[in-house]
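Position 159 of the sequence shown, counted from 1, bears residue number 181 in this note's numbering, the numbering being contiguous throughout.
All residues carry an ideal CB built from backbone N, CA and C; glycine is no exception.
Structure, as structure tokens:
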Amino acid sequence: ITDPTSVFVIVNRDSNDITFMDIETRNIVGKVFLGNNVNPHMAMMSPVGRYVVTGGTRANKAFVIDVRTLTLVKTIPVDLAPEHLAFSPDGRWLSWMAPYERRLNVFLRELESGEERRLTSATERDVAGYFWAGEQNIVYVQDAAGDENWRLFSVRPDGGEAVDLTPYEGVQCRIVDELEERDGEILF
23 ITDPTSVFVI VNRDSNDITF MDIETRNIVG KVFLGNNVNP HMAMMSPVGR YVVTGGTRAN
83 KAFVIDVRTL TLVKTIPVDL APEHLAFSPD GRWLSWMAPY ERRLNVFLRE LESGEERRLT
143 SATERDVAGY FWAGEQNIVY VQDAAGDENW RLFSVRPDGG EAVDLTPYEG VQCRIVDELE
203 ERDGEILF
């Protein structure tokens, strides 16, 4: 595939492969077998369209596919049932949600070095969702007190303490738009 914007990526949870379909012709242009008992879930294309990543919820791995050659180029163990895999905007990091202490948290892996770390440490309430806000911040939503007053937090991929962006009592926060075209801004 020479133009990654010319294809759909199809994930069938009951299969062991990822399918690529030409947008214009609706023809299947290729499939990539991931292994037995993988159960792929969700797919994300890297910012420049070179790679696609999907999580194998039965295999507990992330699978990285080279879009140009339609080959599986990397299999990464990522803990139990990885969800919501994403590349950082610069393509340096792979992030995902997985359980830690029975709660969903955000994990990172630097693709070049293979260094992996847990970015959040939720033990009382799950991290409900996250996204990359520019190249240097991950923003996530969490109901910290169990009262459904969702708070928005920001944390850098290199670690450090999370910053509560909505430190107000009795206020619910919802992400309206990630404003990908406006670095450093989000609408919530």
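Original post:
Bridge partners of Gln-164, per DSSP?
Top reply: Val-149 and Arg-173
**OP:** Would you mind stating whether Val-198 and Tyr-162 have Cβ atoms separated by less than 8 Å?
**Re:** no
Original post:
What is the C-beta distance between Arg-147 and Gly-181, in whole angstroms, given that I count them as a contact (C-beta under 8 Å)?
Top reply: With a Cβ gap of about 21 Å, Arg-147 and Gly-181 do not count as contacting.
Original post:
Among the residues of its own chain, which have a CB less than 6 Å from the CB of Ala-81, if the five just before and after it don't count?
Top reply: Val-60
**OP:** Specify, as a first and last residue, the run of the beta strand (DSSP E) that Asp-186 falls within.
**Re:** 181 to 186
Original post:
Tell me the DSSP bridge mates of Leu-209?
Top reply: Asp-199
Original post:
Looking at the structure shown, is Thr-27 part of a helix, part of a strand, or coil, going by DSSP?
Top reply: helix
Original post:
Since Ile-160 and Pro-179 are thought to touch, with beta carbons under 8 Å apart, how far apart are those beta carbons, to the nearest angstrom?
Top reply: 6 Å
**OP:** Return the first residue and the last residue of the beta strand (DSSP E) that Glu-138 is part of.
**Re:** 138 to 140
Subject >> First through last residue of the beta strand (DSSP E) which encompasses Glu-105 >> reply: 105 to 109
Original post:
Exposed or buried, Ser-143, counting other C-beta atoms within 10 Å across all chains shown (16 or more means buried)?
Top reply: exposed
Subject >> Helix, strand or coil at Asn-38 [DSSP, three-state] >> reply: coil
**OP:** Can you tell me which of the three DSSP states Glu-132 falls into?
**Re:** strand
**OP:** Identify which residue in Val-149, Leu-116 and Arg-124 has its Cα closest to the Cα of Ser-135.
**Re:** Leu-116
**OP:** Would you kindly check if the distance between the Cβ of Met-64 and the Cβ of Leu-107 is under 8 Å?
**Re:** yes
Subject >> Helix, strand or coil at Tyr-125 [DSSP, three-state] >> reply: Checking the sequence, you will find Arg at residue 125 rather than Tyr. Here Arg-125 sits in strand by DSSP.
**OP:** Name the residue from Phe-175, Val-86, Arg-173 and Asp-165 whose alpha carbon lies nearest to the alpha carbon of Leu-133.
**Re:** Val-86
Original post:
Under the DSSP definition of a beta bridge, which residues are partnered with Tyr-73?
Top reply: Answer is Asp-88, bridged to Tyr-73.
Original post:
Beta-carbon separation of Leu-187 and Leu-174 under 8 Å?
Top reply: yes
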